[in-house]
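First the structure, in the form of structure tokens, and then the observations on it.
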Amino acid sequence: MQKLSSFAASRARDVKDSLLFNSFQMQRIFSTATAESAHESSSGKKYASYTIFKAKAALTVYPVLPKFCTIGSGNLKMEKNGVVMLVFWPAIATRKYDWEKRQYFALSPTEVGSLVSLGSSDSCEFFHDPSMKSSSEGQIKKSLAIAPINDQSGYFANLNVVNNLNKTNDRLSIAITKAEFAVLRTACSYVLPHIMGWDQVISPEKQTTPKSAVNRPHPDFEWSR
1 MQKLSSFAAS RARDVKDSLL FNSFQMQRIF STATAESAHE SSSGKKYASY TIFKAKAALT
61 VYPVLPKFCT IGSGNLKMEK NGVVMLVFWP AIATRKYDWE KRQYFALSPT EVGSLVSLGS
121 SDSCEFFHDP SMKSSSEGQI KKSLAIAPIN DQSGYFANLN VVNNLNKTND RLSIAITKAE
181 FAVLRTACSY VLPHIMGWDQ VISPEKQTTP KSAVNRPHPD FEWSR
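Here the sequence shown stands for residues 1 to 225, numbered as in the UniProt record's numbering.
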């Protein structure tokens with residue numbers, strides 16, 4: 001049993017290392033800052049996420065801070081709200097997941113509020129249209145449904161992405177235990193004022209420059225998936 005536990009822990013570390021590598025690569029590609037050298041890109045940035053691994057899919061959750069812009073007199077104004085990013089990636093074999101087929105769903109502050117307020121028998125559903133108010137409106141539709149498991153042992157998170165442009169229909173589902181959901185609820189409650197930028201208003205001495213917004217892919221990246 002000890003050997004099996006050590007093997008499982010080792011495999012989990014391998015998957016997490018892969019996730020961190022892909023996350024790092026993705027941030028370099030989608031950064032809005034000027035190009036950085038390999039040395040500068042790895043000099044002290046912090047990455048933290050919470051990942052749930054299950055048989056059919058994995059779910060990674062992390063906060064994306066808001067984007068600030070400089071206005072007159074050197075002050076900073078929030079240009080875009082932050083989000084809590086959900087990344088679903090399907091399983092392709094036992095303990096193996098396909099990062100290339102990942103799907104993103106960015107929770108707004110209000111959607112985070114709906115998530116953290118869920119009771120044991122409550123459910124919620126969110127709909128996103130990446131191309132809203134454009135000529136491609138309705139071509140890509142995303143829906144995320146979170147509903148309790150029948151035996152009340154946790155929740156199911158079901159993501160459906162319909163892309164009429166690519167003629168694809170991706171469905172990803174993952175079971176979240178009560179313990180895992182407790183972690184998500186606590187973490188999301190903690191980061192809520194941060195993705196709204198309120199921590200910067202209350203403690204302005206901790207303000208960072210607009211460049212700090214590139215620590216994670218911008219929420220708009222969700223719309224490209």
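Glycine included, every Cβ here is placed at the ideal spot set by N, Cα and C.
Among the options, nearest to residue i - alpha-carbon criterion
i, options, result
"residue 179", "189, 155, 83, 193", "155"
"residue 110", "103, 104, 118", "118"
"residue 146", "181, 138, 46", "181"
C-alpha distance - residue i paired with residue j, whole-angstrom precision
i, j, result
"residue 90", "residue 157", "13 Å"
"residue 87", "residue 151", "26 Å"
"residue 124", "residue 73", "43 Å"
"residue 141", "residue 122", "24 Å"
"residue 70", "residue 120", "44 Å"
"residue 103", "residue 149", "23 Å"
"residue 137", "residue 126", "17 Å"
"residue 114", "residue 101", "27 Å"
"residue 289", "residue 197", "Residue 289 is absent from the model: the chain starts at 1 and stops at 225."
"residue 78", "residue 65", "10 Å"
"residue 169", "residue 183", "30 Å"
Per-residue DSSP class, three states only, for residue i
i, result
"residue 170", "strand"
"residue 143", "strand"
"residue 107", "strand"
"residue 92", "strand"
"residue 187", "helix"
"residue 178", "helix"
"residue 193", "helix"
"residue 233", "With the chain running from 1 to 225 in the structure shown, residue 233 is simply not present."
"residue 79", "strand"
Cβ shell of residue i (< 8 Å), same chain only, five flanking positions each side left out
i, result
"residue 133", "none"
"residue 139", "131, 163, 164, 165"
Sequence-distant residues of the same chain with beta carbon closer than 6 Å to residue i, five excluded per side
i, result
"residue 60", "49, 51, 87"
"residue 116", "185, 188, 189"
"residue 174", "54, 57, 59, 157"
"residue 160", "143, 171"
"residue 128", "142"
Short CB-CB distance (under 8 Å) between residue i and chain D
i, result
"residue 128", "Among the chains of the structure shown, chain D does not appear; only one protein chain is present."
Own chain, CB closer than 7 Å to residue i, minus 5 neighbours either side, in chain order
i, result
"residue 153", "177, 178"
"residue 63", "82, 84, 191, 194, 195"
"residue 92", "98"
"residue 108", "81, 83"
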